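These notes are about the structure you will find just below.
In the UniProt record's numbering, the protein residues as written are 1 to 548.
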């Protein structure tokens, strides 16, 4: 199948690109064929975020989004930031000591990003874009000149050994003049493209975090519509790890609660899932959640390196945008509006080339990016995550406050220093003989829960008789190297219980429960030997997030 533009991923970046391309096409009376492929069974099925939403990019795309029925109903009306000094204590941080980008106003909305993406998909289709959910982009096609010419979707109906089953359907080659990759954080094709075209040459390594989130239905008496709570400190400070937590009061007496843990943590015994379960017992969270019912669970990695880690986004035949590249604003703790803006810029760059009589195979995204508010925003927050990694929450937070609350207002320009973190996330783990074991309490099934019941709430489903999409380079590495040195950390860093050490005939083996996979990509990032590669399973598999 041939198109002018193929977009991989129906998230905020990809759908914004599609909508903008269709708008530009109509305005210029120049018909374009545009398609979006999405590996989830439906648009939004794999979308998970906090989410606090900055409307800047949405207003650029659809100025009358409110009249059009965009699912933004809950503006922030109470914004608090706390330091959790221990298991029972907390200190409310005054606004003066909170970096300005972290503050939220009534122009910020508490939303379900999955719902917003479904709405964007409807707008795209109404503008003539073809949206194909359930089709996973499995590989990139590159011609002899080194130009990307499109993608192939995955074969359907292969068994564990790669043999064709009765329901076998071959993948489809989608050809395009330009291909836009918007797979989200640590996209497996984006990872290949960065390596193929050396897009990250001269950049600091990319950094990631894992975000875990639950949706709760709570008693009306405990609900404060529009209230937002962020916190740092306990429980992560006990293991000297970085990250933060959130609690957002949504409509319909629901709250979203979550924990974000930077994947540069060092203690091999740390379990992000268990840290999240501990968090909910802190009084600041339990007073809201007690008496409520947990209705959904999910996890996903977040690209956090910012401008210092942002790879070159253009290459022959295509662009890498949104969280696939890493456009999240770490200081704002928001990435949806920046992903959307990168999509709008991508659409303008590609349309400009398609309007020329002679195509330049490299769309000029970079010039548009560097003259946009997106670049300005990312540049102003470029030190945020690195300074916290270097100086901790207190020192890094103080530096961020000085940069954004004092320097910028007084000097009117960016700070003259740049702080970088050159250590790769997977190199930060310390061997168990140098780590303090962490004694995690058993779940009480009131506030804290186990992994199996949590994965059940994610709606995750895979056909178990298909090739394993978690490719292990060497199973012996896990047993002979990682087990004695790190107690095989995949048992803990995976939020879905995919990896287990089991004993078979008196020997220890690594068991992979691929059907549990939430597509979070943590294993692809945190494995200390980079021994695990995540590739896409059959389209339609994975989680089924409804309102995450």
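Glycine residues also receive a C-beta, built at the ideal position from the N, C-alpha and C atoms.
All values derive from a computational prediction rather than experimental measurement.
Starting from residue 385, trace the alpha helix (DSSP H) both ways and give me its first and last residue. 384–401
Going by beta carbon distance, what residues of the same chain come within less than 8 Å of residue 390, once the five residues before and after it are set aside? 396, 419, 421
Residue burial classification, residue 34 (beta-carbon count within 10 angstroms, cutoff 16): buried
Output the boundary residues of the alpha helix (DSSP H) element that contains residue 60. 56–61
If we ignore side chains and look at the alpha-carbon of each, how far apart do residue 169 and residue 533 end up? 24 Å
My assumption, with CB atoms under 8 Å, is that residue 70 sits in contact with residue 547. Please give the rounded CB distance. Wrong, their Cβ atoms sit about 15 Å apart, outside the cutoff.
I need the boundaries of the beta strand (DSSP E) containing residue 38, first residue and last residue. 34–38
Going by the DSSP bridge assignment, what does residue 108 pair with across the sheet? Beta-bridge pairing links residue 108 to 54.
Under DSSP, the beta strand (DSSP E) around residue 254 begins and ends at which residues? 254–262
Write down every uninterrupted run of the beta strand (DSSP E) in the UniProt domain "ETF-QO/FixX C-terminal" (446–546) whose length is 3 residues or greater and which is fully enclosed by it, in chain order. 470–472, 499–504, 507–512, 532–534
By a C-beta neighbour count over all protein chains shown, 10 Å radius and 16 as the cutoff for buried, is residue 107 buried or exposed? exposed
Do you know how far the Cα of residue 136 is from the Cα of residue 167? 17 Å
Where the alpha helix (DSSP H) containing residue 373 begins and where it ends: 373–380
Please state whether the Cβ-Cβ distance between residue 13 and residue 506 is less than 8 Å. Between residue 13 and residue 506, the CB-CB gap reaches or exceeds 8 Å.
In chain order, what residues of the same chain lie with their CB nearer than 6 Å to the CB of residue 541, ignoring the 5 residues before and after it? 462
Continuous alpha helix (DSSP H) stretch holding residue 429: start and end: Run containing residue 429: none; DSSP gives neither H nor E here.
Run through DSSP, which three-state label would residue 418 get? Three-state DSSP puts residue 418 in coil, outside helix and strand.
What does DSSP give as the partner residue(s) for residue 217 in the beta ladder? 254, 293
Can you list, in chain order, the residues of its chain with a C-beta nearer than 6 Å to that of residue 332? Leave out the 5 residues immediately preceding and following it. 101
Where do the N-terminal and C-terminal ends of the alpha helix (DSSP H) with residue 113 fall, by residue? Start and end: 113–126.
Residue range of the beta strand (DSSP E) that includes residue 158: 156–158
Which of the three DSSP states, helix, strand or coil, is assigned to residue 300? DSSP, read as helix, strand or coil, puts residue 300 in strand.
How far does the alpha helix (DSSP H) with residue 342 in it extend, from its first residue to its last? For residue 342, the enclosing alpha helix (DSSP H) starts and ends at 336–354.
For the putative contact between residue 36 and residue 129, defined by C-beta atoms under 8 Å, what is the C-beta separation to the nearest angstrom? 6 Å
Would you mind giving the Cβ-Cβ distance between residue 326 and residue 303, rounded to the nearest angstrom? I have them listed as a contact below 8 Å. 4 Å
Straight-line Cα distance separating residue 44 from residue 274: 26 Å
Cβ-based neighbour list, residue 103, same chain, cut-off 7 Å, excluding 5 preceding and 5 following: 79, 95
Using the rule of at least 16 other Cβ atoms within 10 Å of the residue's Cβ for burial, across every protein chain shown, is residue 51 buried or exposed? buried
Start-to-end residues for the beta strand (DSSP E) that takes in residue 142: 137–142 is the span of the beta strand (DSSP E), which, as asked, contains residue 142.
Opening and closing residue of the beta strand (DSSP E) in which residue 247 lies: 243–249
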